[in-house]
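Have a look at the structure below before the remarks.
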Amino acid sequence: MMKFKVQSSKFKVKSLKFKAAVVLLFVFWGLFGLNSVQAVGLIIKPTEINISAPARTEAEAEFLVVNIEAEPAIYQISPDALLNEIKLEPADFQLEPNASQLVKVKVKISEPGRYQTNISVIARPLGAGGLTLASGVKLPLMIEVSGWPLWAYFAGVILLIIICLLIGFGVKWILSKGKQDKFSAR
Numbered sequence: 010m011m012k013f014k015v016q017s018s019k020f021k022v023k024s025l026k027f028k029a030a031v032v033l034l035f036v037f038w039g040l041f042g043l044n045s046v047q048a049v050g051l052i053i054k055p056t057e058i059n060i061s062a063p064a065r066t067e068a069e070a071e072f073l074v075v076n077i078e079a080e081p082a083i084y085q086i087s088p089d090a091l092l093n094e095i096k097l098e099p100a101d102f103q104l105e106p107n108a109s110q111l112v113k114v115k116v117k118i119s120e121p122g123r124y125q126t127n128i129s130v131i132a133r134p135l136g137a138g139g140l141t142l143a144s145g146v147k148l149p150l151m152i153e154v155s156g157w158p159l160w161a162y163f164a165g166v167i168l169l170i171i172i173c174l175l176i177g178f179g180v181k182w183i184l185s186k187g188k189q190d191k192f193s194a195r
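The opening position of the sequence shown corresponds to residue 10 in our numbering, with each subsequent residue numbered one higher.
This is how it looks when you write it as structure tokens:
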């Protein structure tokens, strides 16, 4: 037990030295390396989006972005995954203080299933110089796509074509056999 405490106290000393070095690094970097660091506040409503849609059909939802800061900000919005299936309108916009923007989420997915990703909403101060700290929110997006898989539709079409061909050949064979019977009867 005693050995463990000694190692633990050494770790704490190293940890304190490390913390002091990191703080000094940021102080010097802030004094000599950076002009300013800014962040912008925002609110997103609702706190998550759930979309249900049939496969290969476009579905829509909306969410509200509100600038709660005292300065204008530029907003960039993008899905974290399913980039070709999810469209956001508008994807980039500017908001004045206390202003809001309604953003449309359009989803079109071919394969049935449950999909989960996030929509990233990043806010940056307008015209900020130096290194700018952007603030952001990850809005959860759940998508449930119903229907038959695409391969099932192709299999159904191929089966229908095969059935039509078999019926066509069957009718042709019956008609040709009937003509042969008429000729042999004469």
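By construction, the Cβ of each residue, glycine as well, lies at the ideal position given by its N, Cα and C atoms.
Which of helix, strand or coil DSSP assigns to residue i
i    : result
A164 : helix
I77  : coil
K186 : helix
G50  : coil
K181 : helix
I58  : strand
N44  : Note that N44 has pLDDT 43, beneath the 50 cutoff, so the model's placement of it is unreliable and the number below is only indicative. Three-state result, N44: coil.
Same chain, Cβ closer than 8 Å to residue i, neighbours up to 5 away in sequence not counted
i    : result
K115 : E67, A68, E69, I95, K96, L97 and E98
S18  : The pLDDT assigned to S18 is 43, lower than 50, so where the model puts this residue is not dependable, and the model offers no usable value.
W2   : Since the first residue shown for the chain is 10 and the last is 195, residue 2 is missing from the structure and cannot be characterised.
Whole-angstrom C-beta distance between residue j and residue i, which should lie under 8 Å
i    : j    : result
A143 : L51  : Going by Cβ atoms, the distance from A143 to L51 rounds to 10 Å, so no, they are not a contact pair.
D101 : Y84  : 7 Å
P121 : A64  : 5 Å
I86  : V112 : 6 Å
L140 : S109 : About 28 Å separates the two Cβ atoms, so there is no contact after all.
V154 : I118 : 5 Å
I53  : L150 : About 12 Å separates the two Cβ atoms, so there is no contact after all.
Close beta carbons around residue i, own chain, < 7 Å, minus the five adjacent residues each side
i    : result
K147 : N127 and S129
P106 : N76, E78, A79, E80 and P81
D89  : T126, N127 and S129
Q47  : Only weak support is given to the placement of Q47: the predicted model assigns it a pLDDT of 45, under 50, and the question is left unresolved by the model.
Contact set for residue i: own chain, Cβ-Cβ below 6 Å, skip 5 residues either direction
i    : result
A164 : none
According to DSSP, residues forming a beta bridge with residue i
i    : result
A143 : A143 is not bridged to any residue.
G136 : Note: G136 sits in no beta bridge, so no partner.
Q148 : In the sequence on display, residue 148 carries Leu and not Gln. DSSP, once it has assigned bridges, lists I128 as partnering L148.
P63  : S155
Minimum length 3: unbroken beta strand (DSSP E) runs contained in the region 65–115: 68–76, 82–88, 95–98 and 101–104
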